[in-house]
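S.K.: Handing you this structure, nothing more for now.
Residue numbers (our numbering): 1 to 234.
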């Protein structure tokens, strides 16, 4: 299995070095590549990645969907593994993904563990062990075979919000999804800038808007109004 690990970035100099170093520490063979797909960061994200020896691409499209699609076009692997810049996969991720593929799965994800000791976030993480779409997210990391990718199509580049939810919905319907019972360490920075309740309400609101067919602009406006979180990401 040749694994293409894809990290979409935008001004992630505080995290990208930690994440790449973590990946390199636990990768056990030469059958991989790490691709950073950057949306013209104004900080040192790209320089840090280059110094760590990974491939860096400048995406012509800003937004994680476009960045990930751009990386896939140049990826060499038979399996694509999408990792957010502030997420740290379980140390055994490479072997876990390979076992899932060997057992007939063609897509999947992991559970959540937050980099915080707050009890309420431990409750959030607990519910990610249940294999329901509502408890899945791109920050948990997502893997998919190249063959299934070709079947379901790209991330939808017109989506700047809910792009992971849409993608997960499509791959779960078209493929055999494996929820691996190991955890991805996820940044709790969203909860550092907003109350727990506010984040839950914002997530529920936007998911409901998505299911009712709301426009991207309306969902983004609502999310920005409800949360103080990386407003320049949209």
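The beta-carbon is built from N, C-alpha and C at its ideal position, and this holds for glycine as well.
Note the first and the last residue of the continuous alpha helix (DSSP H) segment covering residue 147.
M.R.: Stepping through the chain shown from its first residue, residue 147 is reached at position 147. Note, residue 147: alpha helix (DSSP H), 146 to 152.
S.K.: Which same chain residues end up closer than 8 Å to residue 83 when comparing Cβ atoms and leaving out the 5 residues on each side of it in sequence?
M.R.: As a working note, residue 83 is residue 83 in the chain shown. Excluding positions up to five away in sequence, the list reads 5, 6, 7, 19, 23, 89 and 141.
S.K.: In the DSSP assignment, find the unbroken beta strand (DSSP E) run with residue 206 in it and report its ends.
M.R.: Taking the first residue of the chain shown as 1, we reach residue 206 at position 206. Per DSSP, residue 206 belongs to no beta strand (DSSP E); it is in the alpha helix (DSSP H), 196 to 211.
S.K.: Would residue 183 and residue 105 be called neighbours here (beta carbons separated by less than 9 Å)?
M.R.: Counting from one through the chain shown, the residue named residue 183 turns up at place 183. Counting from one through the chain shown, the residue named residue 105 turns up at place 105. No; because the gap between Cβ atoms is not below 9 Å, this pair is not in contact.
S.K.: Around the Cβ of residue 179, are there at least 16 other Cβ atoms within 10 angstroms (buried) or fewer (exposed)?
M.R.: To locate residue 179, count along the chain shown from 1; it is residue 179. With 16 or more Cβ atoms within 10 Å of its Cβ, residue 179 is classed as buried.
S.K.: Helix, strand or coil: how does DSSP classify residue 73 here?
M.R.: By 1-based counting over the chain shown, the position of residue 73 is 73. Helix.
S.K.: With a threshold of 6 Å on Cβ separation, who are the neighbours of residue 31 within its own chain once the five nearest residues in sequence on each side are excluded?
M.R.: Residue numbering aside, residue 31 sits at position 31 when the chain shown is read from its first letter. So the list reads 2, once near-sequence residues are dropped.
S.K.: Relative to the C-alpha of residue 27, which candidate in 94, 166 and 76 has its C-alpha closest?
M.R.: Start at 1 with the first residue of the chain shown, and residue 27 comes out as number 27. When only C-alpha atoms are compared, the closest one is 94.
S.K.: CA-CA distance, residue 148 and residue 107?
M.R.: Position 148 of the chain shown, counted from the first residue, corresponds to residue 148. Position 107 of the chain shown, counted from the first residue, corresponds to residue 107. Distance between the alpha carbons of residue 148 and residue 107: 8 Å.
S.K.: Does the structure place the region 119 to 128 close enough to the region 187 to 196 that three or more beta carbon pairs sit under 8 Å?
M.R.: Flag = yes, the region 187 to 196 and the region 119 to 128 touch.
S.K.: Following the continuous beta strand (DSSP E) through residue 7, name the residue where it begins and the one where it ends.
M.R.: The sequence position of residue 7 within the chain shown is 7, counting from 1. From DSSP, the beta strand (DSSP E) with residue 7 extends over 3 to 9.
S.K.: What is the DSSP secondary structure of residue 136, counted as helix, strand or coil?
M.R.: On the chain shown, residue 136 is found 136 positions in, with the first residue counted as 1. Residue 136: coil per DSSP, three-state reduction.
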